[in-house]
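Below is one structure, written out as structure tokens; comments come after it.
In my numbering, the protein residues as written are 4 to 112.
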């Protein structure tokens, strides 16, 4: 299996995992609030945290979809800033990366 194929499989697995996480978060957010006002305050605080987590997971899913589209169109692993190659080590660490290390750190910006 090529390095890109391996990353593609990894991206799909993570995407599926995130989908399951979002289903659980959605179920938790649909739970009715407790009748006790003090407990409601705690539950509302938890809901705010869950909504933030949900937002981050949705963004990660969007990043994964974009990476999979780049794999499909052949532009995966090409820096969107300078057009150079994104190092394989960077893609292994962050499979949704769109820039090379130099551009990400601002050295070529």
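Glycine is no exception: its CB is placed at the ideal position from the N, C-alpha and C atoms.
In the three-state reduction of the DSSP assignment, residue 65 falls in the helix class, which pools H, G and I. Restricting attention to 48, 27 and 26, the CA atom closest to the CA of residue 36 is found in 48. DSSP places residue 22 inside the alpha helix (DSSP H), whose first and last residues are 6 to 33. In this structure, the CA atom of residue 14 is about 20 Å from the CA atom of residue 104.
Fewer than three pairs of CB atoms, one per stretch, sit closer than 8 Å, so the segment 46 to 66 makes no contact with the segment 81 to 88.
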